[in-house]
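Okay, so here's the structure we're looking at.
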Amino acid sequence: MTVKAVSSPQKKHHNPTPKPGLHDVPHRSPEWPLYRLLPDGSALGIVTAPHGTHILWEHKQSTPITNPDPTLAQELTTAGHEIPPGFGIAQIPIPPQACVTYRLSNNDGPPSADPLNHDATGELGSLLTHPTTPRDGAAGLDRWPPRSPLHICPHPSERLRLDRNVLGRRCTLRIFTPGQLTTTTPVLFLLDGDHWLHLHDAPSTLNTAVADGLLPPHVLVLIPSPVDPQARTDFLTSPTLATALPGPILTMCDTWLSQRGSQRTHTVIAGQSLGALAATRAAATTTQFNALLGQSPAFWWTDTNPTDPLNAPPGGDTARHLPDLHNMQIRFTVGEDEKAMHQHVNAVTKALTEANMDVHTRTVPGGHDHACWRTTLIEELVTLWT
9 MTVKAVSSPQ
19 KKHHNPTPKP
29 GLHDVPHRSP
39 EWPLYRLLPD
49 GSALGIVTAP
59 HGTHILWEHK
69 QSTPITNPDP
79 TLAQELTTAG
89 HEIPPGFGIA
99 QIPIPPQACV
109 TYRLSNNDGP
119 PSADPLNHDA
129 TGELGSLLTH
139 PTTPRDGAAG
149 LDRWPPRSPL
159 HICPHPSERL
169 RLDRNVLGRR
179 CTLRIFTPGQ
189 LTTTTPVLFL
199 LDGDHWLHLH
209 DAPSTLNTAV
219 ADGLLPPHVL
229 VLIPSPVDPQ
239 ARTDFLTSPT
249 LATALPGPIL
259 TMCDTWLSQR
269 GSQRTHTVIA
279 GQSLGALAAT
289 RAAATTTQFN
299 ALLGQSPAFW
309 WTDTNPTDPL
319 NAPPGGDTAR
329 HLPDLHNMQI
339 RFTVGEDEKA
349 MHQHVNAVTK
359 ALTEANMDVH
369 TRTVPGGHDH
379 ACWRTTLIEE
389 LVTLWT
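Using the numbering used here, the letters of the sequence shown correspond one by one to residues 9 to 394.
See the structure below:
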């Protein structure tokens, strides 16, 4: 079924292509961080923090705070940006047209957001944005307004509580309704739901996309994962989740909709990394999902869990035990800068295509980072729902 959204004029930013040198990103970095655009089109995010601090970024890479070299120090002074006493800088590479999440780390506690950066993912991280990142359209940066580290995202009032026997632990599904329910309503199931609620505020962005006519009114169901990294891995790779999603969770959501005079139509299940693997496994167990969206899917995974997972056979268990995803739209995205993932995503795409399944895969700017996944999330939903 095709669900149409009514388009409306979008506000445009006509920014000229920036020249190499120091820049800020209008409305996102009024002072720090700064951005150094290089002649080859790449960029460095310039972060300032107290000496003794390390900057953690993609794949837990660590960059120490140091004094700037004389050339950069002069550039900063000329541009009117003085480094505070006791502070230094770090320069973080940013892929073209992409965003990067980073955190400050010292010996006083867990990694945290940068208090000088007005563009944060809660108190846990901050964002760097390449100066050439698109501002407009479905994948535009301005779909995700900057928020301070202290910003608290609004919680959807609707929720469904799951008993321990559904997922092996007690948890609560958050339900958000961007737009008004109709007699038939599209539904998006989004894994790692707490991340999308607390750190990136997907409900507000989806609501704006509906108001702007990019997406139809729909229901968003946020499915939380455990906070502990190993518990999250166990949860997203477990058969329990793969069977609960198309079983009791779908049934509970259908009941919730029927109590409000609506029924589910064109249902999308979406996830990122291991969440995309879980979404793929769940989609293969039912015909109740109409579309699958996997961003940077962890198709390297094997249940034998090799020591060096990215060097596992291309496509891992997913390519070896190919899921039946007939009668479903399948869309995968993978970051241009996560090269090790490409062979695994390509292997699964090739196998699905040879099995005559409707799959489309594309590379997008950036790496293995929610800051990159969020900019393509709306764009992919527009494709699936319009």
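Built from N, CA and C at the ideal position, the CB exists for glycine as well.
query                                                                                                       : result
DSSP three-state assignment for Val11, whether helix, strand or coil                                        : Low local confidence applies: a pLDDT of 45 at Val11 is under 50, so the model's placement there is unreliable, with the coordinate-based value given in what follows. Three-state result, Val11: coil.
Residues bridged to Thr56 [DSSP beta-bridge criterion]                                                      : Ile97
Entirely enclosed alpha helix (DSSP H) segments - the stretch 140–187, minimum 4 residues                   : 172–175
Pro17, buried or exposed, once every other Cβ within 10 Å from all chains shown has been counted against 16 : Legend: pLDDT at Pro17 = 37, less than 50; position of this residue unreliable, value from coordinates given subsequently. Burial call: exposed.
Short CB-CB distance (under 8 Å) between Gln267 and chain B                                                 : Reference to chain B is not applicable here, since this structure consists of a single protein chain.
Opposing strand residues paired with Phe340 [DSSP bridges]                                                  : Gly302, Thr369
Cβ-based neighbour list, Gly283, same chain, cut-off 8 Å, excluding 5 preceding and 5 following             : Leu199, Asp200, Ser233, Leu244
Cα-Cα separation between Thr259 and Leu42, rounded to whole angstroms                                       : 49 Å
Exposed unless 16 or more other CB atoms sit within 10 angstroms - verdict on Leu385                        : buried
Proximity below 8 Å, CB of Ala327 to CB of Ala299                                                           : no
Spatial distance of Thr10 from Arg272 (CA atoms)                                                            : With a pLDDT of only 44 at Thr10, under 50, the local geometry of the prediction cannot be trusted, and the value read off the model is given with reservation. The alpha-carbon atoms of Thr10 and Arg272 are separated by roughly 13 Å.
Exposure label - His203; buried when at least 16 CB within 10 Å                                             : buried
Per-residue burial, Glu39 [other beta carbons within 10 Å of its own, 16 or more giving buried]             : exposed
First through last residue of the beta strand (DSSP E) which encompasses Pro72                              : 69–72
Trp309 in three-state terms, based on DSSP                                                                  : coil
Segment contact, 8 Å Cβ cut-off, at least three pairs: the stretch 55–74 with the stretch 113–126           : yes
Stretch-stretch touch, CB-based, cutoff 8 Å, three pairs: the stretch 296–313 with the stretch 325–342      : yes
Selection from Leu318, Glu66, Val276 that minimises the alpha carbon distance to Gly374                     : Glu66
Nearest-angstrom beta carbon gap, Thr71 and Ala51 [assumed within contact, 8 Å]                             : Going by Cβ atoms, the distance from Ala51 to Thr71 rounds to 15 Å, so no, they are not a contact pair.
Alpha-carbon to alpha-carbon, Leu333 and Thr137                                                             : 36 Å
Distance, Thr288 Cα to Thr361 Cα                                                                            : 15 Å
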